[in-house]
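Quick note: the sequence shown uses my numbering, first residue 8, plus one each step. Every residue gets a Cβ at the ideal spot worked out from N, C-alpha and C, and that includes glycine. To keep things clear, I will list the structure first and then write my remarks on it.
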Amino acid sequence: MKPEQEIIPLPSGRGSFRGAAGCRGCAIWLARLLVLTWLLLPCGRAAALALQEQVHEFVLDNGLRLLVVPQPTAMTFTAYLTLGVGSVDERDSNRGIAHFLEHMRFKGTHQIGTRDFAAEEPLLRQLDEVVTRLQRCEQEANCPPQRLEALRQQVKQLEQQHRQLVVKDEFSEIYARHGGVDFNAFTSKDLTTYLISLPANRLELWFALEADRMKNTVLREFHTEKGVIQEERRRSYESRPFGLLYETLLATAFQVHPYRHPVIGWSSDIAALRKEQLQAFMERYYQPANCCIALVGAVEPAEAHRLAQHYFGGIPAGERVPPVTAVEPPQRGERRVQVRFQAEPQLLVAYHKPTVPSRDDYAFDLLAVLLTDGPTSLLHRRLVLEQQLVTQVSAFGAPGGRYDNLFVLHLVPRHPHPVAEVEAALYAELEQLCAVPPTQQQLDRARKRLRADHLRQLQSHRGLAGMLTHFQVVTGDWRYLDRYDAVIRSLTAAEVQQAAARWLKADNRTVVELVSQEAS
Numbered sequence: 008m009k010p011e012q013e014i015i016p017l018p019s020g021r022g023s024f025r026g027a028a029g030c031r032g033c034a035i036w037l038a039r040l041l042v043l044t045w046l047l048l049p050c051g052r053a054a055a056l057a058l059q060e061q062v063h064e065f066v067l068d069n070g071l072r073l074l075v076v077p078q079p080t081a082m083t084f085t086a087y088l089t090l091g092v093g094s095v096d097e098r099d100s101n102r103g104i105a106h107f108l109e110h111m112r113f114k115g116t117h118q119i120g121t122r123d124f125a126a127e128e129p130l131l132r133q134l135d136e137v138v139t140r141l142q143r144c145e146q147e148a149n150c151p152p153q154r155l156e157a158l159r160q161q162v163k164q165l166e167q168q169h170r171q172l173v174v175k176d177e178f179s180e181i182y183a184r185h186g187g188v189d190f191n192a193f194t195s196k197d198l199t200t201y202l203i204s205l206p207a208n209r210l211e212l213w214f215a216l217e218a219d220r221m222k223n224t225v226l227r228e229f230h231t232e233k234g235v236i237q238e239e240r241r242r243s244y245e246s247r248p249f250g251l252l253y254e255t256l257l258a259t260a261f262q263v264h265p266y267r268h269p270v271i272g273w274s275s276d277i278a279a280l281r282k283e284q285l286q287a288f289m290e291r292y293y294q295p296a297n298c299c300i301a302l303v304g305a306v307e308p309a310e311a312h313r314l315a316q317h318y319f320g321g322i323p324a325g326e327r328v329p330p331v332t333a334v335e336p337p338q339r340g341e342r343r344v345q346v347r348f349q350a351e352p353q354l355l356v357a358y359h360k361p362t363v364p365s366r367d368d369y370a371f372d373l374l375a376v377l378l379t380d381g382p383t384s385l386l387h388r389r390l391v392l393e394q395q396l397v398t399q400v401s402a403f404g405a406p407g408g409r410y411d412n413l414f415v416l417h418l419v420p421r422h423p424h425p426v427a428e429v430e431a432a433l434y435a436e437l438e439q440l441c442a443v444p445p446t447q448q449q450l451d452r453a454r455k456r457l458r459a460d461h462l463r464q465l466q467s468h469r470g471l472a473g474m475l476t477h478f479q480v481v482t483g484d485w486r487y488l489d490r491y492d493a494v495i496r497s498l499t500a501a502e503v504q505q506a507a508a509r510w511l512k513a514d515n516r517t518v519v520e521l522v523s524q525e526a527s
């Protein structure tokens, strides 16, 4: 299993990381996103032991987990604060709340983002009350137009007053003044992460700011932020062909499991969210019991532990996020959907598959490399180079790792070849793979590609910190990395072929085709 992040083809516009923004090939990058493991080094087991020896692990009484990897020669450190709360943990009444909270937790606290919280707090309450009255009036069929206009003017006046008390982007400004870089955040199906890199002598500043954020976030500018998020949704999903295609794929492949819902929420979900819902969700789950912190670089473990205890130790644990009880039933027939859009044709083909600890999950990491990673991979060689049916083909797991997920193939047909011809060629290659195991040479090549692709990214503080928090939250133990290495090395060609045969079946398949509006 590789770390997954929600695919959203454009950045949010306020510094928050969204997968690999820009849709450069849309899915190729997802298969390589972030990290697999430090462990896929030529020294294998020795590297695993070396990593475990370097990670200093502390667990506070309230459940917060701290992972520290000191690198004495470093001048900076990278901090990842990951909460095991993602869109999969939402319910029908609050879809989109995790992503919305990611935005709102940049707005500041009682001390940050405000000129005078004593004056701001009653103004916020008054604004919330007037907005509630306005929304009720808008929903009433017989609300007098004069009353509607009066409420709108009152909201406008209160927002103008409130803006005078707000210090915009003060979190970012404080970090920037102290040498912070890569201040960012992202929300996925499985988790929410905040990250930054800072000079070595700013460790206590980071602990103080992040503990304040956990304890005292103020949901200021809630009503205006709704419009920002609605625009983000239009820009990232509704106006982008791959975003629309991917959203449709998940909603079609998953009928029961909440992986079917977009991280950002549906437009109606965003419109319906109430401030008190965000407050309750945040107070319940955005707490130490669901939090893992990784610090990599110029950090002394004992000092980091002391600061964690000082700043986070007194925060109540909060509630552990309950597991999702919905289980996606076996698919009993191919599902097909067409999406009409003014763009060139594209194709997504997805198959349900298990997640960890199933050995089949590991096998699909190798299958993704065997099929689409590099010019000698099976599908690239056959469909791109030899038959010249497509301009691009890629494979990746999606949309998360905490629960059973999908193996997805993304293809862009080369004009003038129709999608039907591309599909037929794809299925012929997959059937061959299901019938005949890869050669030992192909399997060895796939392992080497994994090593080369991910070792490059893991040589950074950011890569290692992200790896540690991701696997701790998703699998429950960052030492999964050790097990990953052992399983990848133990998988046989026959097992890879059997995994393909078990899951790459027509009845287990969902196909979403983007059809050019001109063609319709």
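Nearest to residue 297 by C-alpha distance, out of 58, 66, 191, 174, is 66.
Taken through DSSP and simplified to helix, strand or coil, residue 360 comes out as strand.
Rounded to whole angstroms, the gap between the alpha carbons of residue 76 and residue 223 is 29 Å.
The Cβ atoms of residue 276 and residue 102 sit closer than 8 Å to each other. One Cα belongs to residue 163, the other to residue 127, and the distance between them is close to 16 Å. Taking the Cβ atoms as the reference, residue 465 lies roughly 6 Å from residue 471, within the contact range of under 8 Å. Straight-line spacing of the CA atoms in residue 263 and residue 483 works out to 24 Å. Excluding sequence positions up to five before and after residue 168, its CB lies within less than 7 Å of the CB of 130, all in the same chain and listed in chain order. Burial state of residue 392 is exposed, judged by a 10 Å Cβ sphere holding fewer than 16 other Cβ atoms. Note on geometry: alpha-carbon atoms of residue 123 and residue 175 lie some 13 Å from one another. Shown here, residue 318 sits in a helix according to DSSP, grouped into three states.
Put simply, of 134, 173, 180 the residue whose alpha carbon is nearest the alpha carbon of residue 159 is 134. Taking 8 Å as the upper bound for CB-CB distance, residue 325 and residue 292 are in contact here, some 6 Å apart. DSSP, read as helix, strand or coil, puts residue 293 in coil. Ranked by how close their Cα comes to the Cα of residue 499, the residues 354, 189, 366 have 366 in first place. Annotated as distal: residue 404 and residue 196, with beta-carbon spacing of 8 Å or more.
By the neighbour-count criterion, in which 16 or more other beta carbons inside 10 Å mark a residue as buried, residue 246 falls on the exposed side. Contact check for residue 446 against residue 419 fails: the beta carbons are separated by 8 Å or more. From the listed residues 372, 401, 435, the smallest Cα separation to residue 494 is found for 372.
The C-beta distance from residue 413 to residue 455 rounds to 26 Å, too long to meet the 8 Å contact threshold.
Following the DSSP letters along the chain, one finds residue 480 inside the alpha helix (DSSP H) bounded by residues 468–482. Taking a 10 Å sphere around the C-beta of residue 370, we find 16 or more other C-beta atoms and assign the residue as buried. If you compare the alpha carbons of 517, 138, 171 with that of residue 338, the shortest gap goes to 517. DSSP, reduced to helix, strand and coil, places residue 353 within a strand of the structure shown.
Sixteen is the threshold: since fewer than 16 other Cβ atoms of the shown chains lie within 10 Å of the Cβ of residue 82, the residue is exposed. Straight-line spacing of the CA atoms in residue 303 and residue 183 works out to 19 Å.
Remark: C-beta atoms of residue 415 and residue 354 do not approach each other more closely than 8 Å.
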